[in-house]
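Down below is the structure, laid out as structure tokens.
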Amino acid sequence: MSSFSPAHPQCDKHIYKYPCNLFCFSSPDECIDNNKTSSNLCRNMTDSNLCRFLYLNIRSLKEAHKLDSLHTLIDSLQSVDVVLLTETWLNEHEEKYYNLPGYSLISLNRSKGRGGGVAAYVKNSYTCSIVKSVTTTTHSILHFTVNINSKFHILLFYNPSLSNLSFFLSDFETILRELPPSNTLVMGDSNFN
Amino acid sequence: MKADLLKKKVKIAASHIGLGSSNELIFFDDHLTPYQSALAYKARQLRDRLGGREKDVATWTAGGKVFFKRATDVKAVIINSVVQLNSLGDE
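Top to bottom, those sequences are chains A and B. Note that the working numbering has the first sequence beginning at 1, numbered continuously upward. Note that the working numbering has the second sequence beginning at 194, numbered continuously upward.
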């Protein structure tokens, strides 16, 4: 298939402003945590044995050039294994239009209304499966597993500010209790502050 | 302005706005941001590659957004990235 020219040259600057987290695991006990803006990340962590997770509060994938910017960011970081996103704002029938080449999409959207939602792009070469998902008109919690060298349990959640906190916490606690003690990554935006 | 006229199904000729007595119709183009206009261009390229009007593939702009519709789509898709266009072309 003939492909279009690469993404818009301007678009990558946009998403670089966002604070994002890149996590690398080499073994279950060892975690390198880099909490920097994404432009600083590109030079770090080139060891091919690490599993790379990227977390980003994207604030609407539907906005013009967000998906292009994300694509450019992932390209520049090289071999990100799992991309975790919060606030995707997607609807169920729109999911099929938000594929990234080389990745498969797991998306959990609000049960009703716009905004919110979480999503994960997992590299096609890894098998992944959803263990449990809870989604309401406000918060979304997604628990899934990815097989990269070993099995990772990933919990991805989003809870908007101004929501009923106890409602979210009870769902969150239920799922947290089911998580295994190792190889687990919990990421998300809880808006607790 | 364009949307208002489309809703009212009014057609404007050159004579209506004082450009002589010509009955030549006047058309309006959306003013797009550079990014959206690049998207619209790529969408038109994709439409032609997929067979254009003969295959019921269409693309247009409205309200500053780019729309794309294939014969198999129930609803037009709002295009907001190049990645989306590429994946539409892959299917």
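No residue lacks a Cβ here, since even glycine has one placed at the ideal position from N, Cα and C. Note that this is a predicted model, so its numbers are computed, not measured.
With a threshold of 8 Å between beta carbons, Ala119(A) makes no contact with chain B. Nearest CB-CB separation between Tyr234(B) and chain A: not below the 8 Å threshold. Non-local beta-carbon contacts of Ala269(B) in its own chain, meaning distances under 6 Å to residues more than five positions away in sequence, involve Phe260, Lys262 in chain order. Of the candidates Leu70(A), His143(A), Asn149(A), His143(A) places its Cα closest to the Cα of Leu156(A).
About 5 Å separates the beta carbon of Asp189(A) from that of Asn57(A), a gap short enough to meet the 8 Å contact definition. Glu63(A) belongs to the set of residues whose beta carbon lies under 8 Å from a beta carbon in chain B.
Any Cβ of chain A closer than 8 Å to the Cβ of Ser274(B) would place that residue at the interface, and such an atom is present. Against chain B, a Cβ distance below 8 Å from Asp68(A) picks out Ser274, Val275, Val276.
Close to chain B, meaning a Cβ-Cβ distance shorter than 9 Å, are the following residues of the stretch 86-116 of chain A: His93, Glu94, Lys96, Tyr97, Tyr98, Asn99, Leu100, Pro101. Under the three-state reduction of DSSP, Leu162(A) is assigned to coil, being neither helix nor strand. Here the C-alpha atom of Gln277(B) lies approximately 26 Å from the C-alpha atom of Ile141(A).
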